[in-house]
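There are 2 protein chains.
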Amino acid sequence: MNIGIASEKSGLPSKTIRYYEDIGLLRPARTDNGYRDYSVADIHRLRFLQRSRSLGFSVDECRQLLSLYQDKDRESADVKSIAEAKLREIDRKIAELVGLRGLLHHLVEHCHGDERPDCPIIDELAGEGMVQ
Amino acid sequence: MNIGIASEKSGLPSKTIRYYEDIGLLRPARTDNGYRDYSVADIHRLRFLQRSRSLGFSVDECRQLLSLYQDKDRESADVKSIAEAKLREIDRKIAELVGLRGLLHHLVEHCHGDERPDCPIIDELAGEGMVQ
DNA sequence: ATTGACCTTCCAGCAGATGGAAGGTCTATT
DNA sequence: AATAGACCTTCCATCTGCTGGAAGGTCAAT
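Taken in order, these protein sequences are the chains called A and B.
Heads up, my numbering is the position in the first sequence plus 1, with the first residue counted as 1.
Heads up, my numbering is the position in the second sequence plus 1, with the first residue counted as 1.
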């Protein structure tokens with residue numbers, strides 16, 4: 002599968018896919034003419050990368066997540082503990098997004114105009130815990 | 002409130018806070034000695050920025066979100082439509098995180114070792130829709 | 001065999017920070 | 001009053017994560 006198709010299927014620009022290869026995230030096969038040749042498994046990895054990058058994980062975190070995804074020896078304790086840390090991080094991100102959603106929704110639906118600076122619901126949501 | 006305290010309360014490094022000022026996201030007061038002086042409202046903005054950046058929104062998107070948060074004229078149709086677009090984007094991000102969470106959870110809890118390449122649940126989750 | 005849409009590598013530049021140097025300020029202790 | 005240490009300031013260099021463009025090879029169709 003050529004890089005253009007891989008790009009379409011993964012949602013990542015070709016440039017970015019090549020870059021990910023440069024930094025060692027992915028190692029596609031090559032055809033005789035030198036073109037990169039992506040397998041279906043490669044596409045899964047690319048989609049996986051696309052998703053985790055767009056959700057605010059750094060490239061290095063994505064490398065970890067990807068290795069969890071690919072690791073044959075997922076039994077080992079340290080791999081599990083990395084995975085569990087990532088799960089907690091994902092849970093935190095989900096909670097933050099839900100909070101942000103609530104804030105924005107509230108802004109659109111219920112608050113308008115000058116009441117904003119004093120609106121207790123917004124204060125709470127913006128704070129997400131206590132600011133002093 | 003000095004920048005060090007603002008950094009603690011917002012979860013953003015001082016360097017980043019100054020950078021956000023450079024690019025015009027924030028305009029704190031200054032005390033007589035030239036030190037930046039952050040109000041409680043500034044801290045809310047910084048936390049807001051910290052959250053939205055960490056969730057994969059670009060600085061420009063954060064600028065939009067922040068202006069929604071601050072906009073006194075939230076009644077206007079175009080502001081509402083921006084906000085609604087952002088809401089849809091947040092919903093999409095939540096769905097992706099939930100999917101990613103399910104994938105990772107499944108990997109840790111149920112899959113181990115060689116079955117991975119053929120596990121249909123993982124295939125489905127990694128695909129999130131169809132890969133041809 | 002030429003056109004156009006692909007692909008390749010390489011190198012430059014932008015976005016979003018991040019680190020360090022050089023120096024001023026504040027508070028406390030000597 | 002002076003010295004120390006922890007703050008703060010600006011400025012400039014560097015890093016990450018792409019992104020664009022040039023220069024050139026490949027492929028399928030006309």
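The beta carbon of each residue, even a glycine, is placed where N, CA and C say it ideally should be.
Pop quiz: residue i and residue j are said to be a contact at Cβ under 8 Å. What is the actual Cβ separation, rounded to whole angstroms?
i	j	result
Arg48/B	Ser11/B	5 Å
Leu67/A	Gly57/B	That pair is no contact at about 17 Å.
Arg102/B	Ile91/A	5 Å
Ile4/B	Ile18/B	6 Å
Glu85/A	Val109/B	7 Å
Tyr20/B	Pro29/B	That belief does not hold up - the Cβ atoms of Tyr20/B and Pro29/B are roughly 13 Å apart, past 8 Å.
Ile95/B	Ile95/A	6 Å
Comparing C-alpha positions only, which one of the options sits nearest to residue i?
i	options	result
Leu69/A	Leu50/B, His106/B and Leu67/B	His106/B
Leu98/A	Gln51/B, Gln65/B, Val60/B and Val109/B	Gln51/B
Leu26/A	Asn34/A, Ile83/A, Gln71/A and Gly35/A	Gln71/A
Leu104/B	Met2/A, Leu88/A and Ala30/A	Leu88/A
Ile137/A	Glu22/A, Gln65/A, Thr32/A and Ile44/A	This structure gives no information on residue 137/A, because the portion of chain A shown stretches from 2 to 133.
Gly35/A	Arg93/A, Gly100/A and Met2/A	Met2/A
Val60/A	Glu22/A, Ser8/A, Gly100/A and Ser15/A	Glu22/A
Arg46/B	Gly100/B, Arg64/B and Lys81/B	Arg64/B
Val41/B	Gly100/B, Ser8/B and Lys81/B	Ser8/B
Could you work out which residues of chain B lie near residue i, taking near to mean beta carbons separated by less than 8 Å?
i	result
Ser55/A	Gly57, Lys94 and Glu97
Tyr39/A	Result: empty, since nearest Cβ-Cβ is about 11 Å, beyond 8 Å.
Arg64/A	Within 8 Å Cβ-Cβ: nothing; Arg64/A doesn't reach chain B, min ~14 Å.
Anything in chain B within Cβ reach of residue i, meaning under 9 Å, just list it in chain order.
i	result
Arg89/A	Correct list: empty, because the minimum Cβ distance to chain B is about 10 Å.
Ala84/A	Leu105, His106, Leu108 and Val109
Would you mind telling me which residues of chain A sit closer than 9 Å to residue i, beta carbon to beta carbon, in chain order?
i	result
Lys81/B	Val109
Leu69/B	Leu105, Leu108 and Val109
Name the chain A residues whose beta carbon is nearer than 8 Å to that of residue i?
i	result
Arg102/B	Leu88, Ile91, Asp92 and Ile95
Arg31/B	Within chain A, no residue comes near Arg31/B; the closest Cβ sits about 21 Å away, beyond 8 Å.
List, in chain order, every chain A residue whose beta-carbon is nearer than 7 Å to that of residue i.
i	result
Arg52/B	Glu97 and Leu101
Please go through the stretch 12–85 of chain B and give each complete alpha helix (DSSP H) segment of 4 or more residues, from N-terminal end onward. 15–23, 41–55 and 60–71
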